[in-house]
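J.: The structure is given below, and queries will be raised subsequently.
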Amino acid sequence: MQKVWICGANGRVGRKMTELLENTPVELLLTDIDAVDITDSKAVRDYAGMNRPHFIVNCAGLTDVAACEENKEEAFKVNALGARNLSVAARMGKARMIQLSTDDVFDGSGQTPYTEFDTPNPQTIYGKSKLAGENFVKEFCNRHIIVRSSWIFGEGSSYFSKIMKLAGEGKTIYAAADQTAVPTGASELAEKIIELMESAPDGLYHVTGQGSCSRYEFAQEIVRLSGSQTEVVPVAAVDDRLTAMRPSYSVLDNMMLRMSGISLLPEWKIMLERFIADRKDYTSI
Ligand SMILES: NC(=O)c1ccc[n+]([C@@H]2O[C@H](COP(=O)([O-])OP(=O)(O)OC[C@H]3O[C@@H](n4cnc5c(N)ncnc54)[C@H](OP(=O)(O)O)[C@@H]3O)[C@@H](O)[C@H]2O)c1
Numbered sequence: 000m001q002k003v004w005i006c007g008a009n010g011r012v013g014r015k016m017t018e019l020l021e022n023t024p025v026e027l028l029l030t031d032i033d034a035v036d037i038t039d040s041k042a043v044r045d046y047a048g049m050n051r052p053h054f055i056v057n058c059a060g061l062t063d064v065a066a067c068e069e070n071k072e073e074a075f076k077v078n079a080l081g082a083r084n085l086s087v088a089a090r091m092g093k094a095r096m097i098q099l100s101t102d103d104v105f106d107g108s109g110q111t112p113y114t115e116f117d118t119p120n121p122q123t124i125y126g127k128s129k130l131a132g133e134n135f136v137k138e139f140c141n142r143h144i145i146v147r148s149s150w151i152f153g154e155g156s157s158y159f160s161k162i163m164k165l166a167g168e169g170k171t172i173y174a175a176a177d178q179t180a181v182p183t184g185a186s187e188l189a190e191k192i193i194e195l196m197e198s199a200p201d202g203l204y205h206v207t208g209q210g211s212c213s214r215y216e217f218a219q220e221i222v223r224l225s226g227s228q229t230e231v232v233p234v235a236a237v238d239d240r241l242t243a244m245r246p247s248y249s250v251l252d253n254m255m256l257r258m259s260g261i262s263l264l265p266e267w268k269i270m271l272e273r274f275i276a277d278r279k280d281y282t283s284i
C-alpha cells in the first residue's frame, strides 16, 4: 500500500488533502508542527526513515505575509529550510516530493498571466522564502511536483473567512481594487494535487481557478453569495488592511496543465458558489 506523508496536515490545504485521501487505499501519515517540525532536519530524517513514505506532501509553511516580514529568519527557516529537509528525506527514501508554492514569487508588475516559464522576482520575505523552498526542492529531489496556487479559500482562517466575518457583523468592507489574481477553492486544489501526485510528469505546475478578479470583486462576490447586504468599498491596496504587501497583479496561467493535457480547475466563481452553498448546509453565515 502506498504511504502518503502530509506535513502541515492541520492547515487549510493539508486538511482538505487528508479528507480526500482518508477513504482511499493509501496509508496516511499525518503530521503538523507538534509532531514533526519540518525545520528540524533530524526529526524529518528520523520520521521519514522510520515510516518510509512513497510521497511527501509539504503543506506546511509560514503563510502570514506580515509575520514573515517581521520575522525574516523564521520565514526562511520554515518555508525554505523546511522544504530542503523534506526533499533531502524524499531523495534518500526514493519518495516523490510534492511542494506547495505561491503566486507571490512574482513581482506583480506584469499585465498578462504569468506562466511557469516566466522568471520569478519576489518582493516580500514570504515570496522570497517560498521561492527559495522551490529551488531547494529542485536541487535536492528530482522526483518532484511543485504546485503554485493563489488566493486559496476553504475551511479555516483566510481572506474569505475575514470577509465573511465582517459581512456577518454588517461592517463596511474596504477591499483593494488594484490587486488582481485568481481565487482558488482548497477542495478543488487538493483534488488536483492528488491527481498530479499520482500521475503527472515531474515539474512545476500553476494550479488556480480560471478567470481573474480584484480583491474588491472577490469580496463583492463573497458578500453577494452569502446574502449579506454589507457594503463593499473599493480602495487602493495600501488602504486594504486585510491584504497589504501582495503583488498587484499575480494571475497564474495554468500553461503546464494545458500543455500536459490535464484538465483545468473551474472558474473561480463556480468554485466559490459551490463552497458557500455546501457551507450553508451546516453552518449559518
Ligand atoms: N493560503 C493561500 O492563499 C495560499 C496561496 C498560495 C500558496 N499557498 C501555499 O500552500 C501551502 C498551504 O497553505 P495553507 O493556506 O494550507 O497554509 P496554513 O493554513 O497556514 O497551514 C500551514 C500549516 O503548517 C504548519 N506549520 C507551520 N510551521 C511548521 C513547521 N515548522 N513544521 C510543521 N508544520 C508547520 C502550521 O501550523 P500552525 O498553524 O500551528 O503554525 C499550519 O498547520 C503553503 O505552502 C502556502 O505557502 C497558500
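Read left to right, the sequence shown gives residues 0 to 284 (numbering that gives the first Met the number 0).
For every residue, glycine included, the Cβ atom is placed at its ideal position computed from N, Cα and C.
Where does E197 land, buried or exposed, given buried means 16+ other C-beta within 10 angstroms?
T.: Mapped onto the sequence shown, residue 197 falls at position 198. Its Cβ having fewer than 16 others within 10 Å, E197 is exposed.
J.: With the cut-off set at 7 Å, would you say G208 and T183 are in Cβ contact?
T.: Position 209 of the sequence shown, counting from 1, holds the residue named residue 208. Position 184 of the sequence shown, counting from 1, holds the residue named residue 183. Against a cut-off of 7 Å, the Cβ pair of T183 and G208 comes out as a contact.
J.: Could you tell me if the beta carbon of S148 falls within a distance shorter than 6 Å of some heavy atom in ligand 1?
T.: Within the sequence shown, numbered from 1, the residue matching residue 148 stands at position 149. Under cutoff, so the answer is yes.
J.: For A174, list the residues DSSP reports as bridge partners.
T.: Counted from its first residue, the sequence shown places residue 174 at position 175. DSSP, once it has assigned bridges, lists P233 as partnering A174.
J.: Have a look at D102, V77, F274 and A218 and flag the residue whose alpha-carbon is nearest the alpha-carbon of E323.
T.: Because the chain in this structure spans residues 0 to 284, residue 323 falls outside the shown range and cannot be described.
J.: For a test of your reading of the model: does the CB of N84 fall under 6 Å from any non-hydrogen atom of ligand 1? Yes or no.
T.: Mapped onto the sequence shown, residue 84 falls at position 85. No, since every heavy atom of ligand 1 falls outside the 6 Å radius drawn around the Cβ of N84.
J.: Please report the Cβ distance between I97 and F152, rounded to the nearest whole angstrom; I am assuming they are in contact, meaning their Cβ atoms lie under 8 Å.
T.: On the sequence shown, residue 97 is found 98 positions in, with the first residue counted as 1. On the sequence shown, residue 152 is found 153 positions in, with the first residue counted as 1. Not a contact, Cβ separation roughly 21 Å.
J.: Rounded to the nearest angstrom, what separates S109 and P24 at their Cα positions?
T.: Along the sequence shown, read from residue 1 onward, the residue named residue 109 stands at position 110. Along the sequence shown, read from residue 1 onward, the residue named residue 24 stands at position 25. The displayed chain sequence assigns Gly, not Ser, to residue 109. C-alpha separation (whole angstroms): 43 Å.
J.: Run through the region 79 to 113 for me and flag every whole beta strand (DSSP E) of 3 or more residues, listed as ranges in chain order.
T.: The qualifying runs are 95 to 101.
J.: With a cut-off of 8 Å on the beta carbons, I'd call T38 and K76 a contact; round off their distance for me.
T.: For this step, residue 38 is matched to residue 39 along the sequence shown. For this step, residue 76 is matched to residue 77 along the sequence shown. T38 to K76, Cβ: 5 Å. Contact.
J.: Can you check the region 208 to 262 for any beta strand (DSSP E) of at least 3 residues that lies completely inside it and give the ranges in chain order?
T.: Correct list: 231 to 234.
J.: Should S227 go down as buried or exposed, given a rule of 16 or more other Cβ atoms within 10 Å for buried?
T.: By 1-based counting over the sequence shown, the position of residue 227 is 228. Counting Cβ neighbours within 10 Å, S227 comes out buried, since at least 16 surround it.
J.: In this structure, what does DSSP give as the bridge partners for S148?
T.: The residue you call residue 148 lines up with position 149 of the sequence shown. T101.
J.: Return the residue from the list D33, R14 and D36 that minimises the CA-CA distance to L27.
T.: Residue mapping note: residue 27 aligns to position 28 of the sequence shown, counting from 1. With distances taken between Cα atoms, L27 lies closest to R14.
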